[in-house]
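Q: Numbering (full-length UniProt numbering), first residue to last: 1 to 570. Sharing a structure below in structure tokens format, with a few things to ask.
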């Protein structure tokens, strides 16, 4: 069968997910099992892989998904523990009295606080958490949703303590080790950890332009479409505060990525940036001379409001001191640092404990494992959730509610992730070099697509690489799964075209992050918490504009890096 035909067939599972979720509006819990079924059928009928081997690959994917779900659960349990302890409302209360200017509030909460929550929790929680807070401060629901969705982009590459990089590119680790052994890495990295770190370093360089551009653009966007004067200039007037915010985030963000690793950039950048920004705002540093707001709510376009409006939202109140409320997040950061620095010795202990699943269904090349204590879902997330019970003096009733609600929230992500990661496992395992398992000796499905795309796009690929990552997040609802789905594909395209593999893979991670703006899952979640259910299409039409701007800027940077400045990097 021709390469072109194989590539068309290989892309069918992705198209199935896209059509079902976007065209027919199926939830991921229904669409991903169908996409997996299409992938399994193709593997058996076209690639002629044995049924038992496809089943083994699927089980491998399910085990990998369990590791991701432990992280998801840890992030959720921290969130609900803080909600039921009163800690989250206390944190939200602390934001209310910083500034009356809605532009300033949008930057502090939507841009900076969202970045911190993304670094600590990820998985769609930042926008869903911050949008109601903006609503309580007098933002129209539609504006609150759009601002939070768009700003929840640049931190996502390092969301949930680096999960999109560390777990998302897990299937590239074998190739990285091979490159080190063969000398092909050229000193760009020496092992899996430095490989992940290098991806993160390149990703920060690709994000940095939009970290500065996005806040100014979005404030102009906000005042143009939601302001009384319908003017971009009203938003642009706050450019100094935007630059202050960008520098406050970027300095710790870059230093952490380049000197520590991919776990902490968004968490540390958001945490320190939030503190610096609030301190500066209270001192009036870089604050616009005029105070801007959305005007009388009686004059708002009816499209801006849903079942919840600023008139009937509750005022937050403090249940404890700000310091006490923030202690769990401080503990998370401290424990992560202690457990991720090799010299302290704790890392080797935690990574040495692994639940292994070797030779699944008897196939030597199909293995899986879960380093249960090294996953951030267990240490520090679940550990800190338990400690918070005592730190915040929670009642048994509230503890039970937090854990019960967290477990219930896991149902839909679990179903979607099991099938999505099983699909990815079949994708990459389809190219096994074994005549008994791959009798036609076809390349894997991602590599097949990569070869076909390379022949069509050629050297222009750097301009498009990030959009593929964005498509993955749009379909799957996760930067992590997008990286798992398209990581090998991106590396394959780079190899075929003689481009820097490291730079193109990093562009994938950046694209997966910007895809959060248009991710259906995130849009649905935000709509639910601000009373805009049914308005998903309206929001998507608005967020696709900054998504395209982000992609074009990143594409230009990636093209410059890969073709002009660093063409010889691995």
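Quick reminder that beta carbons are idealized off the backbone N, C-alpha and C, glycines included. Here the structure is a predicted model, which means the values were calculated and not measured.
Can you give me the start and stop residues for the alpha helix (DSSP H) that residue 244 sits inside?
A: Here the alpha helix (DSSP H) through residue 244 covers 239-259.
Q: At the level of alpha carbons, what is the spacing between residue 261 and residue 366?
A: Using only the alpha carbons, I get a separation of about 29 Å.
Q: According to the Cβ coordinates, are residue 199 and residue 161 closer than 8 Å?
A: No. Outside cutoff.
Q: Is the beta carbon of residue 425 closer than 8 Å to that of residue 579?
A: Residue 579 lies beyond the range of the chain shown here (1 to 570); nothing can be said about it.
Q: Rounded to whole angstroms, what's the CA-CA distance from residue 305 to residue 103? Just pull it up for me.
A: Distance between the alpha carbons of residue 305 and residue 103: 19 Å.
Q: For residue 24, count the other beta carbons within 10 Å of its own beta carbon; 16 or more makes it buried, fewer makes it exposed. Which is it?
A: Exposed: under 16 other Cβ atoms inside 10 Å.
Q: Start and end of the alpha helix (DSSP H) containing residue 474?
A: Taken as a continuous stretch (DSSP letters only), the alpha helix (DSSP H) holding residue 474 covers 461-476.
Q: Could you give the C-beta distance for residue 473 and residue 519, rounded to a whole number, given that I count them as a contact under 8 Å?
A: Contact holds; Cβ gap of about 5 Å.
Q: Would you call residue 360 buried or exposed, if buried means 16 or more other Cβ atoms sit within 10 Å of its Cβ?
A: Residue 360 should be labelled buried.
Q: According to the Cβ coordinates, are residue 12 and residue 448 closer than 8 Å?
A: In this structure, residue 448 does not lie closer than 8 Å to residue 12 by Cβ.
Q: Suppose you measure from the CA of residue 216 to the CA of residue 223; what does that come to, to the nearest Å?
A: Computed Cα separation, rounded: 11 Å.
Q: Residues bridged to residue 369 by DSSP?
A: The partner list for residue 369 (beta bridge, DSSP) reads 356.
Q: Does DSSP classify residue 29 as helix, strand or coil?
A: Looking at residue 29 - three-state DSSP - the assignment turns out to be helix.
Q: Pairing CB atoms from the region 552-564 with CB atoms from the region 197-213, are three or more of them under 8 Å?
A: Yes, they touch.
Q: Using CA atoms only, rank isn't needed, just tell me which of 44, 80 and 47 is closest to residue 408.
A: Among 44, 80 and 47, the Cα nearest to that of residue 408 belongs to 80.
Q: Between the C-alpha atoms of residue 568 and residue 258, what's the straight-line distance to the nearest angstrom?
A: Cα to Cα, residue 568 sits roughly 20 Å from residue 258.
Q: Which residues in the same chain have their Cβ closer than 7 Å to the Cβ of residue 54, if we skip the five residues on either side of it in sequence?
A: Same-chain partners within the cutoff: 40, 43, 44 and 426.
Q: Taking DSSP as the reference, what is the three-state secondary structure of residue 316?
A: Residue 316 falls in the coil class under three-state DSSP.
Q: CB-CB under 7 Å to residue 132, same chain, minus the five flanking residues each way: which ones, in chain order?
A: Correct list, in chain order: 529 and 530.
Q: In terms of alpha-carbon separation, which member of 423, 536, 501 and 410 lies closest to residue 58?
A: Among 423, 536, 501 and 410, the Cα nearest to that of residue 58 belongs to 423.
Q: For the alpha helix (DSSP H) that contains residue 154, what are its first and last residues?
A: From DSSP, residue 154 is part of no alpha helix (DSSP H); its letter is neither H nor E.
Q: Could you tell me whether any Cβ in chain D is nearer than 8 Å to the Cβ of residue 136?
A: In the displayed structure, chain D is absent; only one protein chain is listed.
Q: What is the rounded straight-line gap between the Cα of residue 368 and the Cα of residue 410?
A: Cα to Cα, the separation comes out at about 22 Å.
Q: By the three-class DSSP mapping on this structure, what secondary structure does residue 292 have?
A: Three-state DSSP puts residue 292 in coil, outside helix and strand.
Q: Nearest by alpha-carbon distance to residue 468: which of 486, 415 and 301 is it?
A: The option with the nearest alpha carbon to residue 468 is 486.
Q: Can you find the residues in the same chain that come closer than 6 Å, C-beta to C-beta, to residue 312, ignoring five residues on each side of it along the sequence?
A: Reliability fails at residue 312, whose pLDDT of 44 lies under 50, so the model's placement of it is uncertain and the value that follows must be treated cautiously. Closer than 6 Å at Cβ, skipping near neighbours: no residue.
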